[in-house]
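Only one structure is covered here, and it is reproduced in the block below.
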Amino acid sequence: MTRYLIPLVIFGVLVVFLAIGLGRDPHEVPSPLINKPAPPFKLAQLKDPSKTFSAEEMRGRVWLLNVWASWCISCRDEHPLLLEYARSGAVPIYGLNYKDKPEDALAWLGELGDPYVLSVSDLDGRIGIDYGVYGAPETYLIDQQGVIRFKQIGPVTPDVWTKSILPQVQELNRQGGYR
Amino acid sequence: MFIWSAVTCHRFGLRQLAAASTVSLLICSAAIVASAQLRRPVSDDPPDPAVEQRLTKLSQELRCLVCQNETLADSRADLAEDLREEIRIQIRAGKSDQEIISFLTQRYGDFILYRPPVRPKTYLLWFGPFVLLLAGLAILFRYVKRRRDMIEEKPLSNADRAQVEKLLSSASRKETA
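Rendered as structure tokens:
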């Protein structure tokens, strides 16, 4: 009996492992930046390049950094949701306009609406490298201490928003920055 | 799979994508047009063969995160080009290979390495196959031994011997004939 049982068990284990493997998206690479300080940057603002914005200025606040570009098709999908979430006022959303032409980016915002408190231009993608960006859109949740608490690769979905981002934002705000 | 993964697809890899749907092809070509204008200005210095050689060697060990089955050396994805340029800058700045690799793993994780580091989390990956091989050998050894014990040598009976001799002699007769 065990003669037949052992191969069957091995086969079962294999099937389970392969099934798990098939269900995972290989493009979702776990970010090593979770629970690490957000890389600093100081970049020109998209709407007024004479002004800069740096991640430092957000110390003491919970905020989202959304990496987007006008050439990014999934960003267009994500956009209405971002507008809705920005309107809800749950958490300020800042944009990192990644490897885009400012005139295209401004036209895009003009056409579709602007969910961002402000966007900064990462023209050559150098800050994107620091943040480990490899496929826009990507969204980072950054806490009061400037630590990345969550990263969404690909568009934010209602599911991600209600199950991951919003609860973490509320929890961080409740703690009030004291840990 | 997300569409965004196709957005920054490699430039010359379109042939490989022929099997993919026309939609993703269109997305890809749209991204190519968009990204072609956004190329990071490559420095004007003439390429230094020593730097290029180190870059090639290093980037063959690194994975392109956009087209994950390609190395950074082979990939034509925009991000791969940016990362190659970044590595080039760091080589020129006199960084060691180790420093450059840790720069990249700090940002993209161990996933960027084709050769994952040996650490408790990857023991199964590195040593699992050898454990399986040893287990297989042990099972094979036991099986062969058991088989050998099962087959007992039976002495030939006189009738068998007579038949063997008859067969052998008839065979040799045929040969001589």
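Residue numbers (our numbering), protein chains in the order written: chain A, 1 to 179; chain B, 180 to 356.
Don't be surprised by glycine CBs; every beta carbon is placed ideally from N, CA and C.
Under the DSSP assignment, A/Asn173 falls outside any beta strand (DSSP E), being part of the alpha helix (DSSP H) whose first and last residues are Leu166 to Gln175. Excluding sequence positions up to five before and after A/Leu83, its CB lies within less than 6 Å of the CB of Gly113 and Pro115, all in the same chain and listed in chain order.
Scanning chain A for C-beta atoms nearer than 8 Å to the C-beta of B/Thr284 yields Pro32, reported in chain order. Taking C-beta atoms under 8 Å as the contact rule, A/Lys36 and A/Ile148 qualify, at a distance of about 6 Å. Counted as a single uninterrupted DSSP element, the alpha helix (DSSP H) harbouring A/Glu78 occupies residues Ile73 to Ser88. DSSP places A/Asp143 outside both helix and strand once states are collapsed to three, so it counts as coil. With respect to the 9 Å criterion, B/Tyr293 and B/Arg242 are classified as neighbours on the basis of their beta carbons. Taking the Cβ atoms as the reference, A/Gly128 lies roughly 7 Å from A/Val67, within the contact range of under 8 Å. Rounded to whole angstroms, the separation of the alpha carbons of B/Asp257 and A/Asp143 is 31 Å. Residue-level contact check: A/His27 touches chain B, since one or more beta carbons of chain B fall below 9 Å from its beta carbon. Residues of chain B whose Cβ lies closer than 8 Å to the Cβ of A/Gly132 are, in chain order, Arg286, Tyr287 and Gly288. From the listed residues A/Glu171, A/Pro137 and A/Pro158, the smallest Cα separation to A/Ala69 is found for A/Pro137. Between the stretch 271-282 of chain B and the stretch 318-331 of chain B, the count of Cβ pairs shorter than 8 Å is below three; the stretches do not touch. Between the C-alpha atoms of B/Ser351 and B/Lys324 there is a straight-line separation of about 37 Å. A/Thr157 carries a coil assignment under DSSP once its states are collapsed to helix, strand and coil. Annotated three-state conformation of B/Gln247 is coil, per DSSP. Annotated three-state conformation of B/Phe306 is helix, per DSSP.
Here A/Leu64 is not near A/Pro32, since their CB atoms are 9 Å or more apart.
For the stretch 240-266 of chain B, the set of positions with a beta-carbon nearer than 8 Å to some beta-carbon of chain A reads Leu244, Val245, Gln247, Asp257, Leu258, Asp261, Leu262 and Glu265 in chain order. DSSP places B/Ser238 in the helix class (H, G or I) of the three-state scheme. Contact between the stretch 98-106 of chain A and the stretch 149-164 of chain A is absent: fewer than 3 CB-CB pairs across the two stretches fall below 8 Å. The three-state secondary structure of B/Glu331, taken from DSSP, is coil.
For the pair A/Val120 and A/Phe41, the CB atoms are nearer than the 9 Å cut-off.
Taking C-alpha positions only, A/Met1 is separated from A/Leu8 by approximately 11 Å. Per DSSP, the continuous alpha helix (DSSP H) segment holding B/Ala259 begins and ends at Asp257 to Arg271.
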